[in-house]
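In the order they appear, the protein sequences are chains A and B.
Numbering-wise, the first sequence is residues 662 to 779 according to the numbering used here.
Numbering-wise, the second sequence is residues 20 to 574 according to the numbering used here.
All C-beta atoms in this analysis are idealised placements derived from N, C-alpha and C, irrespective of residue type, glycine included.
Some notes on the structure that comes next.
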Amino acid sequence: MAAVAKRPALPAILLANDLLDGDVVFASAAGETLAWTRDPALALVADDDTGAERLEAFAVSEFAAQRVVDAYLVDVETSTGRPVPRHYRERMKTLGPSNRRDLGKQAGEGIAPSGQRA
Amino acid sequence: MYRYDEFDERFVRERVEQFSDQVARRLDGSLTEDEFKPLRLKNGVYLQLHAYMLRIAIPYGTLSSRQLRQLALIGERYDRGYGHFTTRTNLQFNWPKLRDVPEILGLLADVEMHCIQTSGNCIRNVTADHFAGIARDEIEDPRPTAELIRQWSSQHPEFSYLPRKFKIAVTGAEQDRAVIKAHDIGLRIRRHPDTHETCYEVSVGGGLGRTPMIGKVVRDYLPKADLLAYLEAIMRVYNLEGRRDNKYKARVKILVHETGLEEFTRRVEAEFAELDGPSINADPAEVSRIAAYFAPPTYRALPERSTALETARAGNPDFDRWVEVNTTAHKQPGYAAITISLKPVGEAPGDATSEQMRLVADLAEEFSFSEIRVTHAQNLVLPHVKLSDLFAIWRRLGEAGLSSANIGLITDIIACPGLDYCALATARSIPIAQAIARRFAEDTRQKEIGELNIKISGCINACGHHHVGHIGILGLEKRGIESYQITLGGDATQDAAIGEILVPGLAAEEVPDAIERIVAVYLEQRQAGESFIENVRRLGLAPFKAAFLELDRAA
Ligand code: HEM
Ligand code: SF4
């Protein structure tokens, strides 16, 4: 499996599943470096090639470091001020099962109430 | 029920240890994802959209109260308090953490359960008629055969890396409740017309997915004793000639189709003739050892009818309706089999909470010799219940939201997890099932419509059996939105058929109306006593298509 699939249209975010827990995680800015967050609102948005390359490099190194699996870039829409995947499949990953609103990110799982990085 | 011998016990415990070690090595970095993935899949661990998923084998759908309680416990302790019963009569947990899986496997091993043969290109968990040992139309209990195949296949080195997954189903009854014709191999126990010996009718090359096919009979009457040698012959032909270059063409159905039935049969028979039957076929002593585990429980001698039941029915129309719809006549006088619907209107088909599992386990212990069955239609069965106990059971099921009287009806919908959970999905299935169930919730309406199977898959893999639904619904993606294709005329029984496309693409919100429209044509055109599927068979697709054309014109 290639660590990163073909690059989608920009702007884009990087998401993956945590190796140990399976939870969906997003790459976010942590000072100069990148770190994983479970909160989609905190995902770092890459608007240009440099940004996308940075996310891709992070995907490769984190996959190699056995921290995440299934890491890939997802194109997003940002008009609401927070990144929302354009494709409904990827939107599901930022929410949780639509028949169980009490579960997953839509129910705040793994997301700090203050909106701080989890 | 089948109990592990020391060999089984050791085998399963060793697998738990191996997998614990593999997880540890994955976590410390000595195994890469590419190395680890096939190992986790061999132990039933998938990665879905939101989390990992653990698929637990329920061989031939038979569970004990103790096992179901353990599943409830696992659901509560390591998952989100519920599990999903699948069309392959397995149970899936949607939220386990990889770090917990070794412990979960240990808990499963404590109750003689595991996740072996739930994934990968091996012979998968063998399924059987959920009314095995109960049904009045049964010639012989199919489970000893299923168990024999399980033992033979799970240890068989030649068959652990097949070109593709391989699914076997067995029935011992006239009526096929195990969808044997949609399996790679389907076995039907039947009597030879001359010798009256019990034999197997062997079908090969059924399967759903991208290229749906109905299995074809390669042997009408296979002597029972020759089973394993004959299966081995089929597997050898497949292993040798099945395509490994293209995973979409790798199932045995493609080989049977491309080779032609006659030539395929000839090759199997030639291989069978070459094999040393006695060295492969099961030792008769072993066969009877296995069969003994499935001996009927010690029933009480009871009259055919129960006045207590009749009084309760007369006094309570809801109960009366439930008995009519959800119970099945039992071989043993005075007993019935209950099908517990996991399709309460508005819920996800096949989901059960840990509390519900515990209740069913308790009821089975009190009233059904501690035995439970899982059906391919994603419901549960209490197989041996006294007629006089039905009322008490119904009341307790009702308290847990499990007394829906809809088995076989329009709201008893099969649905795969679809895009709400599954990483391969192209569209959601569960909300479609929920919307249809809500639309047709009213009992009188369901009753008027009668038997009608709706089956929904969230992608072409067809885990929700949509091809063999009377009405099949397939979720696809069209131009960036979820789109639903409707097929008509599929059949999962002995009259197996693949449905034909009626409407290529509907938006999710349009689906309930479309079902309504199809049902209206049936209600208008049916003859006395004609079921939905009989009606479709008689009329063909034309009048149903016409109803949709009218809709287009009106729009
Ligand atoms: C992570 C979840 C799942 C994955 C990745 C998955 C994958 C697949 C794939 C790839 C196929 C097509 C096989 C082929 O055509 O060769 C398939 C078929 C099938 N799966 Fe699933 N599946 C999943 C969940 C389920 C569930 C929940 C059920 C039961 C509700 C199920 C039951 C079946 C059945 C009955 C078939 C079609 C029969 C056949 O094999 O021809 N699967 N699945
Ligand atoms: S049919 Fe498709 S969407 Fe449904 S469970 Fe199977 S693979 Fe997933």
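query: At a CB-CB cut-off below 9 Å, which residues of chain B make contact with A:LEU680?
result: Taking the first sequence and counting its residues from 1, the one referred to as residue 680 of chain A is at position 19. The answer, in chain order, is ARG45, LEU46, GLU52, LEU117.
- request: Could you tell me which of B:ILE517, B:SER502, B:ILE500 sits nearest to B:GLY508, measuring between CA atoms?
  value: For the purposes of this step, residue 508 of chain B is taken as the residue at position 489 of the second sequence. The option with the nearest alpha carbon to B:GLY508 is B:ILE517.
query: Looking at C-alpha atoms only, which residue of B:LEU421, B:PRO161, B:ALA442, B:GLY234 is the closest neighbour of A:GLU751?
result: Translated into positions along the first sequence, residue 751 of chain A becomes position 90. That would be B:ALA442, whose Cα lies nearest to the Cα of A:GLU751.
Residue from B:MET72, B:ARG29, B:ALA396, B:ALA252 with nearest C-alpha to B:VAL120: Position 101 of the second sequence holds residue 120 of chain B. Relative to B:VAL120, the option among B:MET72, B:ARG29, B:ALA396, B:ALA252 whose CA is nearest is B:MET72.
- prompt: When every heavy atom of the ligand SF4 is checked, does at least one fall within less than 7 Å of the C-beta of B:LEU579?
  reply: In this structure chain B extends from 20 to 574, so residue 579 of chain B is not present and cannot be described.
query: How is B:ARG183 classed by DSSP in three states: helix, strand or coil?
result: Numbered from its first residue, the second sequence carries residue 183 of chain B at position 164. Coil, per DSSP.
message: For a cutoff of 8 Å on Cβ pairs, would you count A:ALA779 as touching chain B?
response: The sequence position of residue 779 of chain A within the first sequence is 118, counting from 1. Residue placement at A:ALA779 cannot be trusted, given a pLDDT of 40 that sits under 50; the coordinates are not used to answer.
query: In terms of residue numbering, what span does the alpha helix (DSSP H) encompassing B:PHE55 cover?
result: Against the second sequence, residue 55 of chain B aligns to sequence position 36. Note, B:PHE55: alpha helix (DSSP H), 52 to 61.
query: Within 8 Å (strictly less), CB to CB, does A:ILE772 reach chain B?
result: As a position in the first sequence, residue 772 of chain A is number 111, starting the count at 1. No, no contact with chain B.
field: Contact set between A:TYR733 and chain B, taken where Cβ atoms lie within less than 9 Å
entry: Taking the first sequence and counting its residues from 1, the one referred to as residue 733 of chain A is at position 72. Neighbours of A:TYR733 on chain B: none; closest Cβ ~12 Å, over 9 Å.
query: For B:LEU495, which of helix, strand or coil comes out of DSSP?
result: As a working note, residue 495 of chain B is residue 476 in the second sequence. Per DSSP, reduced to three states, the secondary structure at B:LEU495 is strand.
- prompt: Which residues in the same chain have their Cβ closer than 7 Å to the Cβ of B:TRP341, if we skip the five residues on either side of it in sequence?
  reply: Numbered from 1 along the second sequence, position 322 holds the residue referred to as residue 341 of chain B. So the qualifying residues of the chain are TRP413, SER422, ALA424.
- request: Would you check whether the ligand SF4 has a heavy atom nearer than 7 Å to the C-beta of B:PRO316?
  value: Here the question's residue 316 of chain B lines up with position 297 in the second sequence. For the ligand SF4, not one heavy atom lies less than 7 Å from the Cβ of B:PRO316.
C-alpha gap between B:ILE309 and B:LEU167, whole angstroms: The residue given as residue 309 of chain B occupies position 290 in the second sequence. The residue given as residue 167 of chain B occupies position 148 in the second sequence. Near 7 Å, if we compare the C-alpha coordinates of B:LEU167 and B:ILE309.
message: Measuring straight from C-alpha to C-alpha, what distance separates A:PRO701 and B:ASP439?
response: Here residue 701 of chain A refers to the residue found at position 40 when the first sequence is read from its first residue. Here residue 439 of chain B refers to the residue found at position 420 when the second sequence is read from its first residue. Distance between the alpha carbons of A:PRO701 and B:ASP439 is about 18 Å.
field: Candidates B:LYS497, B:TYR97, B:PRO176, B:HIS202: closest to B:VAL145 by CA position
entry: Within the second sequence, the letter at position 126 stands for residue 145 of chain B. Measuring from the Cα of B:VAL145, the nearest candidate turns out to be B:HIS202.
field: Buried or exposed by the 16-neighbour rule on C-beta atoms within 10 Å, applied to B:PRO115
entry: Taking the first residue of the second sequence as 1, we reach residue 115 of chain B at position 96. It counts as buried.
task: Please classify B:PHE26: is it buried, with 16 or more other beta-carbons within 10 angstroms of its beta-carbon, or exposed?
output: For the purposes of this step, residue 26 of chain B is taken as the residue at position 7 of the second sequence. Counting Cβ neighbours within 10 Å, B:PHE26 comes out exposed, since fewer than 16 surround it.
query: Apart from the five residues on each side of it in sequence, which residues of its chain come closer than 6 Å, Cβ to Cβ, to B:LYS272?
result: Counting from one through the second sequence, the residue named residue 272 of chain B turns up at place 253. The answer, listed in chain order, is GLY224, GLY226, MET232.
- request: To the nearest angstrom, report how far apart B:THR512 and B:GLU193 are at their CA atoms.
  value: For the purposes of this step, residue 512 of chain B is taken as residue 493 along the second sequence, with counting starting at 1. For the purposes of this step, residue 193 of chain B is taken as residue 174 along the second sequence, with counting starting at 1. For B:THR512 and B:GLU193, the distance between alpha carbons rounds to 10 Å.
field: Beta-carbon proximity list for B:HIS103, same chain, < 6 Å, skipping 5 on both sides
entry: Counted from its first residue, the second sequence places residue 103 of chain B at position 84. Excluding sequence neighbours, B:HIS103 sits near GLN111, GLY369, ASP370.
query: Which residues, in chain order, does the stretch 437 to 461 of chain B contribute to contact with chain A at a C-beta distance below 7 Å?
result: LEU438, ASP439, TYR440, ARG447, ILE449, PRO450, GLN453
message: Comparing C-alpha positions only, which one of B:GLY80, B:LEU274, B:ARG270, B:GLU501 sits nearest to B:ALA527?
response: Within the second sequence, the letter at position 508 stands for residue 527 of chain B. When each option's Cα is compared against that of B:ALA527, the closest is B:GLU501.
query: Any idea which residues DSSP pairs A:LEU734 with across the strands?
result: The residue you call residue 734 of chain A lines up with position 73 of the first sequence. Answer is A:LEU675.
Interface flag, B:HIS69 vs chain A, CB-CB below 8 Å: The residue labelled residue 69 of chain B in the question sits at position 50 within the second sequence. Chain A contact via Cβ: present.
field: Same chain, Cβ closer than 7 Å to A:MET662, five either side skipped, listed in chain order
entry: Looking up residue 662 of chain A in the first sequence gives position 1. The pLDDT assigned to A:MET662 is 42, lower than 50, so where the model puts this residue is not dependable, and the model offers no usable value.
field: Contact test: B:ALA188 Cβ vs the ligand SF4 heavy atom, cutoff 7 Å
entry: Residue numbering aside, residue 188 of chain B sits at position 169 when the second sequence is read from its first letter. The answer is no for B:ALA188.
- request: Quick one: give me the first and last residue of the alpha helix (DSSP H) that B:GLY94 is part of.
  value: Reading the second sequence from its first residue, position 75 is the one you call residue 94 of chain B. Run containing B:GLY94: 84 to 97, per the alpha helix (DSSP H) assignment.
Interface residues of the stretch 490 to 502 of chain B facing chain A [CB-CB below 9 Å]: GLU496, GLY499, ILE500, GLU501
message: Using 8 Å for Cβ pairs, my map puts B:ILE432 next to B:ILE455. What's the rounded Cβ distance?
response: Within the second sequence, numbered from 1, the residue matching residue 432 of chain B stands at position 413. Within the second sequence, numbered from 1, the residue matching residue 455 of chain B stands at position 436. At roughly 6 Å, the Cβ-Cβ gap stays under 8 Å, so B:ILE432 and B:ILE455 are in contact.
- request: Tell me, please, whether the CB atom of B:ALA511 is closer than 8 Å to any CB atom in chain A?
  value: As a first step, residue 511 of chain B must be located in the second sequence, where it is residue number 492. Taking Cβ atoms only, chain A never reaches closer than 8 Å to B:ALA511, which makes this a no.
message: From the DSSP secondary-structure annotation, give me the bridge partner or partners of B:VAL393.
response: Here residue 393 of chain B corresponds to residue number 374 of the second sequence, with the count starting at 1. Beta-bridge pairing links B:VAL393 to B:LEU399.
- prompt: So what's B:ASP239 in DSSP terms, helix, strand or just coil?
  reply: Within the second sequence, residue 239 of chain B is the residue found at index 220, counting from 1. Correct three-state label for B:ASP239: strand.
field: Residue of B:GLY365, B:GLY48, B:SER360, B:PRO176 minimising C-alpha distance to B:VAL379
entry: One-based indexing of the second sequence puts residue 379 of chain B at position 360. Minimum Cα distance to B:VAL379 is reached at B:SER360.
task: Measure the Cβ-Cβ separation of B:LYS405 and B:LEU321 and say whether it is below 8 Å.
output: Counted from its first residue, the second sequence places residue 405 of chain B at position 386. Counted from its first residue, the second sequence places residue 321 of chain B at position 302. Yes, they are a contact pair.
Contact with chain A by B:ALA367, beta-carbon distance below 8 Å: If you number the second sequence from 1, residue 367 of chain B lands on position 348. Chain A, which has a Cβ nearer than 8 Å to the Cβ of B:ALA367, makes this yes.
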